[in-house]
């Protein structure tokens, strides 16, 4: 695999970068959906995230990246109790992947050669405690989408097939990207993403030239380029680690909760997931900024990210959903 | 010498020297140019493998090789075609499955894909290459117009002159002025310039721009720029200072822009330019319309069956069927090792398939009420699309007025695309009802050929007064309309006639009867009502 482009070297696209950092601080926000035209750096940002995230501690050899030996499932038949550090897993879910590859299935090799019934873990196991990235998520096949929805909600992967009966933890942050011109996303899956971002190409000439220049110098010398950006990368990483600690102590005042609720009511977003995500995202942002408390500014900064994909679709309103959120923001917080 | 053919050779040379560029798209049909181009590609890449466009995902990504696994009694995995590292040539690449295309695009992003040559042989406007691949392949060469005597010349050589200061800015500025919104194109052009010459000169940068930017151009640089003595790109407003600082580059910008304009397809130069995103000379259809209809499948229980080369074997079910008999078979075939499988054990996978529906709206855009009606239909199209996911509907829109019918929206499932295309709707003029029905039928037949289930929805408030040949003959027009209506019935296409006139008209009801279609009088049709009827009509 080629070296990833450094996250901090991505020009502009602040909303997308911010959304990804927020989920890195608080995984319970529940994933990011990045929608936009081709060539806007969607996939680049996701792959860059892998290099940015701090390492996690796992039981050596555990197929589901368990944090402690007690969590290692029986079927893994793991003897070792050694802990080791590894980069946060970012697992690519390719389109056209088969169901057994996602959930895991009977280990055919062992079944055929040794006549044993054993479980071969799939991508969901690998993605536990990390990220699951789906490029072109709007082209994903229905039955895989159903399966992901189910697992994302329960945090557990249940395999009942081929005479196997296995369950294991599968908590991951879903990151999806796609181009809305190639088809829309199913509402149920849309709702499952905590934050959504629409990206466009930068319109500013200086930014455009800078993008091209950085990409070119990265392509010509990936190692050197990564080295030049190493400082910036570790700066962001440190801030994320500090913010992860800080969110534990940041309490939301009644006022902030009311603000969130008022926004969601005004926008008519379905369900309560909107409020929850809004609150968590605002808290993560406050922590990242090193603020002592969550303020109105934090809530309104993350509102477009957290709410724009939860609006009732009104096909006759030509304004983009992010614009609608901002309109309501201006009303509610006036 | 700089012709389409030498530019193709140059691009080929660049891919050979710098495989990380990705590859190229060739637009051509079998003929002398085809033979010569393939010969040139094979000479540059002796290792090249030809793939059919009907590749399955399993072929691409590899997986368990069921035949070898059964033969050897242990799991044998096949390497995916992508991982084998041979350069790849895919003829008829417009037929590539969108998912397969996405998989290839992922491999290209990861830097693991070999050089790729796609041949685009599209005959119809709605057949286009997967946008994800088009965007990632830097070079698009159109060789479809070349004849035998055009096939001379050599690839461009690096220019030994003085290197230019800032090729990145030049190429970015040029890309914007030719209306290329994405940033991949200028990145690719810069990479191509560097591949051509490590320290690119103005000639190299120009060549790179001609190769990468020209085929992607959607507009000519604004004409007022040509008049002003020191042209400044329009989009540069926010960044004037920088533009002026780089005063010495501006001649190079002009040079590049002129050179790119010189090789633009004539179509772009003569035709009025399409407002947004339309690629030169090609229909713009997202993958929504091109996907094969029966593409989704939910797995059903496996079934005993024979391997006919089409069905996929369900390995586990097959083994399970074989297991109880092993002891008896072992006695029967004492010299055989491993699991003993007999043909009757073979179980094949079954998928439940459902066809997508295409709603072909055929709308009367004539007369005074046209604007209101078109507006409501636009609303209905968007409402249908907003729920398209649940209903598996594609939507197409044809308007007829004056002397013919016009396709306003090719079949799509994308709300975003529909909104863009429906932003302006023309109206007014006579009523060529027959031409409208014919266009709707054509679209329906072509959709059915692609495995979709078409349904034609005709909205009109009047009688036809324009015959199919464009003449204003009321009697002829009525006869033509009836004839077309009957051929819809004969082609067994589902249809629906919505009468938006102030009071129901006998003639339209008769026409609906000829069409074998339900007739719904709906004065002042509202978007919501239309969409509700369509849900019911399902």
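Protein chains in written order, with my numbering: chain A, 1 to 334; chain B, 1 to 538. All C-beta atoms in this analysis are idealised placements derived from N, C-alpha and C, irrespective of residue type, glycine included. Remember, predicted model here, so these are calculated numbers, not experimental data.
- Task: Counting only runs of 4+ residues fully inside the region 441-502 of chain B, write out the alpha helix (DSSP H) ranges in chain order.
- Result: 474-490
- Task: Can you give me the start and stop residues for the beta strand (DSSP E) that residue 172 of chain A sits inside?
- Result: 172-178
- Query: Per DSSP, residue 121 of chain A forms a beta bridge with which residues?
  - Reply: A/104
- Task: Measure how close the beta-carbons of residue 256 of chain B and residue 205 of chain B come, nearest whole angstrom, since I'm counting them as under 8 Å.
- Result: 6 Å
- Cα-Cα, which of A/301, A/291, A/132, A/212 is closest to residue 278 of chain A? A/301
- May I have the straight-line CA-CA distance separating residue 327 of chain B from residue 99 of chain A, to the nearest angstrom? 32 Å
- Task: Name, going along the chain, the residues of the region 36-63 of chain A whose beta-carbon falls closer than 9 Å to a beta-carbon of chain B.
- Result: 37, 38, 39, 40, 41, 43, 44, 47
- Query: What residues in the region 119-147 of chain B bring their beta carbon closer than 8 Å to a beta carbon of chain A?
  - Reply: 131, 132, 135
- Item | Test: residue 19 of chain B CB closer than 8 Å to a CB of chain A | no
- Mind checking if residue 219 of chain B is an interface residue toward chain A, Cβ cutoff 8 Å exclusive? no
- Query: Do you know offhand how far residue 47 of chain B's Cα is from residue 114 of chain B's?
  - Reply: 11 Å
- Message: Strictly by DSSP, which residues pair up with residue 412 of chain B?
- Response: B/395
- Query: Using 8 Å as the limit for Cβ to Cβ distance, is residue 541 of chain B near chain A?
  - Reply: Outside the shown range of chain B, which is 1 to 538, sits residue 541 of chain B, and nothing can be said about it.
- Message: I'd like to know whether the C-beta atoms of residue 260 of chain B and residue 209 of chain B end up nearer to each other than 8 Å.
- Response: yes
- Task: Could you please give me the residues that DSSP links to residue 57 of chain A through a beta bridge?
- Result: A/85
- Under the three-state DSSP convention, the category residue 132 of chain A falls into: strand
- Task: Determine which residues share a DSSP beta bridge with residue 34 of chain B and list them.
- Result: Per DSSP, none; premise fails for residue 34 of chain B.
- Message: At a threshold of 7 Å, does residue 321 of chain A count as lining the ligand ATP (C-beta to nearest heavy atom)?
- Response: The model on display carries no ligand, and the ligand ATP is accordingly not part of it.
- Item | Counted within 10 angstroms of its Cβ, other Cβ atoms place residue 256 of chain A as buried (16 or more) or exposed | buried
- Item | N- and C-terminal bounds of the beta strand (DSSP E) containing residue 78 of chain B | 77-79
- Query: What residues from chain B crowd round residue 212 of chain A, counting only those whose CB sits closer than 8 Å?
  - Reply: 168, 171, 172, 183, 186, 187, 190
- Task: Identify which residue in B/475, B/162, B/318 has its Cα closest to the Cα of residue 200 of chain B.
- Result: B/162
- Query: Helix or strand or just coil, what does DSSP make of residue 316 of chain B?
  - Reply: helix
- Query: In its own chain, which residues sit with a C-beta less than 7 Å from the C-beta of residue 171 of chain A, not counting the 5 before and 5 after it?
  - Reply: 128, 129, 155
- Is the shortest distance between the beta-carbon of residue 415 of chain B and the beta-carbons of chain A less than 8 Å? yes
- Item | Exposure of residue 323 of chain A, with buried meaning 16 or more beta-carbon neighbours within 10 Å | exposed
- Task: Assign residue 186 of chain B to one of three DSSP states: helix, strand, or coil.
- Result: helix
- Would residue 328 of chain A be called buried (16 or more neighbouring beta carbons within 10 Å of its own) or exposed? buried
- Local conformation of residue 120 of chain B per DSSP, three classes: strand
- Coarse secondary structure for residue 201 of chain B, derived from DSSP in three states: strand
- Name the chain A residues whose beta carbon is nearer than 9 Å to that of residue 106 of chain B? 43, 92, 94, 95, 135, 136
- Query: Do you know offhand how far residue 457 of chain B's Cα is from residue 482 of chain B's?
  - Reply: 16 Å
- Contact set for residue 76 of chain A: own chain, Cβ-Cβ below 7 Å, skip 5 residues either direction: 62, 63
- Item | residue 87 of chain A burial status per 10 Å Cβ neighbour count (16 or more: buried) | exposed
- Find out if the Cβ-Cβ distance for the pair residue 418 of chain B, residue 445 of chain B is shorter than 8 Å. no
- Item | Residue from B/401, B/333, B/132 with nearest C-alpha to residue 470 of chain B | B/401
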